[in-house]
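Asker:
Numbering (this note's numbering), first residue to last: 2 to 362.
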């Protein structure tokens with residue numbers, strides 16, 4: 002009697018993650034898919050409700066306190082001239098700008114983390130926003146105008162991303178190498194900015210620096226229109242390629258066997274992520290850690306990446322940004338920019354995630 006020999010299971014390709022262990026896991030049964038999408042839609046409604054509540058509360062506090070009833074009256078019908086001026090000229094543009102900036106940054110982070118399959122990647126971590134900020138800083142110093150600032154910061158973001166990506170990609174895209182190259186690129190860009198500071202008059206430097214600091218205090222309806230237009234351009238492209246993003250997040254082999262041109266799709270998604278980060282920088286300056294923290298929070302809530310979860314990521318990013326702005330503007334001894342408040346939350350979070358990432362390696 003011949004003894005039976007057990008066949009060893011075939012090892013998985015290094016570039017494809019096990020479905021059950023991936024943060025972007027895919028569930029195939031229709032029942033689970035229905036339950037998943039239903040819960041995501043419910044979370045979207047909850048996040049929108051919380052955002053509306055925070056916005057109404059934020060419009061009631063400040064140097065000119067308003068009653069919530071007066072704010073709602075101004076929004077839905079007609080109020081007195083003073084209330085309408087405070088709501089529509091001072092507070093509502095700032096809230097809408099903060100929400101849309103947080104939305105753009107959070108969705109940019111989700112796209113970058115999916116494309117690179119790296120929990121530590123975000124536009125501000127790998128130097129994308131630093132490239133955008135440096136390009137804008139140099140442009141303002143040289144030209145003394147902000148006419149083409151969104152285009153300039155987009156070019157800076159794309160150039161920095163491509164440089165980091167190709168320097169870090171030797172064979173497979175190693176997550177740790179990508180982060181290290183990004184940190185090195187940020188150092189290089191910081192040195193370039195320091196050189197420009199020494200070359201130009203201090204008043205020009207202060208003006209350019211104030212324009213790019215992460216703050217919503219200069220919010221205007223033109224800024225709101227600009228970032229809203231940028232989101233209208235980028236969001237359909239991202240949603241149309243969400244299935245490809247999910248497959249790339251599971252591994253290049255999985256995506257390739259599904260008929261996806263990996264490099265071309267990755268390049269398109271990287272450009273979308275750069276565009277989202279660049280328009281946020283052009284209207285609000287450098288705001289870090291939203292793109293890192295929010296995609297993690299949403300993945301903990303819903304798991305896999307879908308069109309609905311990407312929308313949820315954007316809404317949660319907007320909610321976090323307006324909460325941080327309200328805290329910095331009204332609940333600190335002195336007014337603090339939104340970038341400082343979010344950095345106080347995001348920096349410890351990044352250290353925790355990096356420590357857990359190193360333990361898994």
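Glycine is no exception: its CB is placed at the ideal position from the N, C-alpha and C atoms.
In this text the structure is predicted, and so the values were computed from the model without any measurement.
Per DSSP, what kind of secondary structure is residue 217 in: helix, strand or coil?
Answerer: Coil, per DSSP.
Asker: Spatial neighbours of residue 274 within its chain, please: CB distance less than 6 Å, with the 5 preceding and 5 following residues excluded, ordered by chain position.
Answerer: Excluding residues within five positions, the ones whose Cβ falls inside 6 Å are 109, 112 and 113.
Asker: Since residue 292 and residue 160 are thought to touch, with beta carbons under 8 Å apart, how far apart are those beta carbons, to the nearest angstrom?
Answerer: Their Cβ separation, rounded to whole angstroms, is 19 Å, which puts residue 292 and residue 160 out of contact at 8 Å.
Asker: Got a sec? Which residues, its chain only, sit under 6 Å from residue 168 by beta carbon, not counting five neighbours each side?
Answerer: Same-chain partners within the cutoff: 182.
Asker: Could you have a look at residue 252 and say whether DSSP puts it in helix, strand or coil?
Answerer: In the structure shown, residue 252 sits in a strand (DSSP, three-state: E or B).
Asker: Any idea if residue 130 is buried or exposed, counting beta-carbon neighbours within 10 angstroms, 16 or more meaning buried?
Answerer: It counts as buried.
Asker: Helix, strand or coil: how does DSSP classify residue 67 here?
Answerer: If DSSP states are grouped into helix, strand and coil, residue 67 belongs with coil.
Asker: Tell me which residues share the same chain as residue 229 and place their Cβ nearer than 7 Å to its Cβ, disregarding the 5 neighbours each side in the sequence.
Answerer: Cβ neighbours of residue 229 beyond the five flanking positions: 101.
Asker: Classify residue 259: buried if its beta carbon has 16 or more other beta carbons within 10 angstroms, exposed otherwise.
Answerer: Under this definition residue 259 is an exposed residue.
Asker: By a C-beta neighbour count over all protein chains shown, 10 Å radius and 16 as the cutoff for buried, is residue 233 buried or exposed?
Answerer: Answer is exposed; the Cβ neighbour count stays below 16.
Asker: Counting along the chain, where does the alpha helix (DSSP H) carrying residue 108 start and finish?
Answerer: 93–117 is the span of the alpha helix (DSSP H), which, as asked, contains residue 108.
Asker: Would residue 92 be called buried (16 or more neighbouring beta carbons within 10 Å of its own) or exposed?
Answerer: Looking at its Cβ environment, which holds 16 or more other Cβ atoms inside 10 Å, residue 92 is buried.
Asker: Determine contact between the region 133–142 and the region 183–202, defined as no fewer than three beta-carbon pairs at a distance below 8 Å.
Answerer: Flag = yes, the region 133–142 and the region 183–202 touch.
Asker: Below 8 Å on the Cβ atoms is my guess for residue 313 versus residue 48; work out the distance and round it to an integer in Å.
Answerer: Contact flag correct, Cβ pair sits at about 6 Å.
Asker: Leaving aside the five residues before and after residue 94 along the sequence, list all residues of the same chain whose C-beta is less than 7 Å from its C-beta, in chain order.
Answerer: Once the five neighbours on either side are set aside, the close Cβ partners of residue 94 are 220, 221, 222 and 225.
Asker: Looking at the secondary structure, which residues open and close the alpha helix (DSSP H) in which residue 142 lies?
Answerer: Per DSSP, residue 142 belongs to the alpha helix (DSSP H) from 129–144.
Asker: Within 10 angstroms of the Cβ of residue 140, are there 16 or more other Cβ atoms? Answer buried if so, exposed if not.
Answerer: Per the 10 Å Cβ criterion, buried.
Asker: Among 247, 308 and 346, which has the Cα closest to the Cα of residue 295?
Answerer: Closest by alpha carbon: 346.
Asker: According to the neighbour-count rule (16 or more other Cβ atoms, all chains shown, within 10 Å of its Cβ), is residue 1 buried or exposed?
Answerer: Nothing in the structure corresponds to residue 1, since the chain is present only between 2 and 362.
Asker: Would you call the CB atoms of residue 321 and residue 103 closer than 8 Å?
Answerer: In this structure, residue 103 lies closer than 8 Å to residue 321 by Cβ.
Asker: Could you check the C-alpha separation between residue 162 and residue 84 for me, to the nearest Å?
Answerer: Whole-angstrom Cα-Cα distance: 45 Å.
Asker: Could you give the distance in angstroms between the alpha-carbon of residue 126 and the alpha-carbon of residue 201?
Answerer: When rounded, the distance between both Cα atoms is 28 Å.
Asker: Is it buried or exposed for residue 50, if we count other Cβ within 10 angstroms and need 16 for buried?
Answerer: Classification for residue 50: exposed.
Asker: How far does the alpha helix (DSSP H) with residue 416 in it reach, from first residue to last?
Answerer: As shown, the chain starts at 2 and ends at 362. That puts residue 416 outside it, with no answer to give.
Asker: Going straight from the alpha carbon of residue 145 to that of residue 210, what length do you get?
Answerer: Straight-line Cα distance between these residues: approximately 12 Å.
Asker: May I have the straight-line CA-CA distance separating residue 46 from residue 263, to the nearest angstrom?
Answerer: Approximately 34 Å, taken between the alpha carbons.
Asker: So residue 227 and residue 284 are supposed to be a Cβ contact under 8 Å. How far apart are they, rounded?
Answerer: About 6 Å; that satisfies the 8 Å criterion.
Asker: What are the residues that DSSP puts in a beta bridge with residue 287?
Answerer: Its beta-bridge partners are 214.
Asker: Can you find the residues in the same chain that come closer than 7 Å, C-beta to C-beta, to residue 97, ignoring five residues on each side of it along the sequence?
Answerer: Counting only Cβ-Cβ distances below 7 Å, and skipping sequence neighbours, we find 225.
Asker: Quick check: what's the CA-CA separation for residue 325 versus residue 333?
Answerer: Each residue's Cα considered, the two are about 11 Å apart.
Asker: Run through DSSP, which three-state label would residue 209 get?
Answerer: DSSP places residue 209 in helix when its eight states are reduced to three.
Asker: Which residues in the same chain as residue 154 place their Cβ atom closer than 6 Å to its Cβ, once the five residues preceding and following it in sequence are excluded?
Answerer: Same-chain partners within the cutoff: 133, 136, 137, 279, 282 and 283.
Asker: Should residue 152 go down as buried or exposed, given a rule of 16 or more other Cβ atoms within 10 Å for buried?
Answerer: Exposed.
Asker: Between the Cα of residue 66 and the Cα atoms of 149, 331 and 308, which residue gives the shortest distance?
Answerer: With distances taken between Cα atoms, residue 66 lies closest to 331.
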